[in-house]
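Asks: Dumping the structure here so I can ask a few things about it.
What follows is the structure, encoded as C-alpha cells:
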C-alpha cells in the first residue's frame, strides 16, 4: 500500500515570498491533516479536512496560510507571504475517518527554510 | 499550562535498561490517547494506542490514569533501535489531535 506522498521534500525561500506544498493521502482515506513541526517541538495541527470540507482550522494563521482539498483527495497548503518563523517541517497525515480512534499515517514532510 | 506536557529529556540509558516516560494532559474531556515514535528527521509513526485498562505490546507497556490525567510509557530491555523521540498524543474525540513536545531517548551500547 502506498503511503502519504508529499512534495517538495525541501524548500528554501526568502521572507515575503510565497510557497506551496502538495499532499496525496493514502487511497480511501477521507480525513487529511496538515501539521507544522518546529524544531524541538511536537507537531501542531494547522487544518483538518473530512473529504473536501474543513473540520478544524482554528490554529491556521489565516492571514498568510491557506489550504484546499478541492476534490476530496489531494491537498495543497500555501503560505503567502512567508515569515522567518514559518521555518519548520510541514507534515501531511491521513486517516480513514475523523475522530480519535483512527490511526494517522504521516507523509515524509516538507522541510521549509525561510531566510 | 500547556495542553500536553512530557518529561523534558533527553534520556540516555544503556542497552537492556528499563525506561519510563510520563505525560500529563490538561483537558479532562480527552477521549483517546496514543504514543507515537519519531526518528530523527523522519515522520511520526504510531507506536501504540493507550487504553483505560492499560496495554502491552512486547517490551512496551502503556498506562492511562484518567483521574490524574496522566499517561505513561514503559520500555523494557531497551535496544539501540529504540533511540528516537516519543510523542504523547491526546484527542478530544472528534476534535483535533494535540501532540506533546516529545521526549528524546538515546540507548547507548
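Residue numbers (our numbering), protein chains in the order written: chain A, 303 to 417; chain B, 2 to 110.
All residues carry an ideal CB built from backbone N, CA and C; glycine is no exception.
Express the C-alpha separation of residue 45 of chain B and residue 396 of chain A in angstroms, rounding to a whole number.
Replies: So the alpha carbons of these two residues sit roughly 12 Å apart.
Asks: Mind checking if residue 403 of chain A is an interface residue toward chain B, Cβ cutoff 8 Å exclusive?
Replies: So, interface residue.
Asks: If you drop the 5 nearest sequence neighbours on each side, which residues of the same chain put their C-beta closer than 7 Å to that of residue 69 of chain B?
Replies: So the list is empty, once near-sequence residues are dropped.
Asks: Counting contacts by CB-CB distance shorter than 8 Å, is residue 408 of chain A in contact with chain B?
Replies: By this cut-off, residue 408 of chain A is an interface position.
Asks: Roughly how many angstroms lie between the CA atoms of residue 399 of chain A and residue 87 of chain B, to the nearest whole one?
Replies: Residue 399 of chain A and residue 87 of chain B: Cα-Cα distance of roughly 24 Å.
Asks: What do you reckon, are the CB atoms on residue 65 of chain B and residue 85 of chain B nearer than 8 Å?
Replies: In this structure, residue 85 of chain B does not lie closer than 8 Å to residue 65 of chain B by Cβ.
Asks: Counting beta carbon pairs with one atom in the stretch 306-324 of chain A and one in the stretch 373-383 of chain A, are three or more of them shorter than 8 Å?
Replies: Enough Cβ pairs lie closer than 8 Å, so yes.
Asks: Using the beta-carbon of each residue, which ones in chain B are nearer than 7 Å to residue 345 of chain A?
Replies: Those are 45, 100, listed as they occur along chain B.
Asks: Along the chain, which unbroken stretches of the beta strand (DSSP E) at least 3 residues long are found entirely within the stretch 325-349 of chain A?
Replies: DSSP runs (the beta strand (DSSP E)) wholly in the stretch 325-349 of chain A: 333-339.
Asks: Should residue 15 of chain B be listed as close to the ligand ADP, given that the test is whether its C-beta is under 7 Å from any heavy atom?
Replies: The ligand content of the structure shown is nil, which means the ligand ADP is not present either.
Asks: Give the single residue among B:6, B:55, B:82 whose Cα lies nearest to the Cα of residue 38 of chain B.
Replies: Out of B:6, B:55, B:82, B:82 has the C-alpha closest to the C-alpha of residue 38 of chain B.
Asks: Rounding to the nearest angstrom, what Cα-Cα distance links residue 394 of chain A and residue 351 of chain A in this structure?
Replies: Each residue's alpha carbon lies about 11 Å from the other.
Asks: Where do the ends of the beta strand (DSSP E) carrying residue 392 of chain A lie?
Replies: Counting along the chain, the beta strand (DSSP E) containing residue 392 of chain A begins and ends at 390-397.
Asks: Report the neighbours of residue 23 of chain B on chain A: residues whose CB is nearer than 8 Å to its CB, in chain order.
Replies: Chain A residues near residue 23 of chain B: none, gap ~15 Å exceeds 8 Å.
Asks: Hey, residue 91 of chain B and residue 22 of chain B are a contact pair by Cβ (cut 8 Å); roughly how many whole angstroms apart?
Replies: Rounded, the Cβ-Cβ distance is 14 Å, inconsistent with contact.
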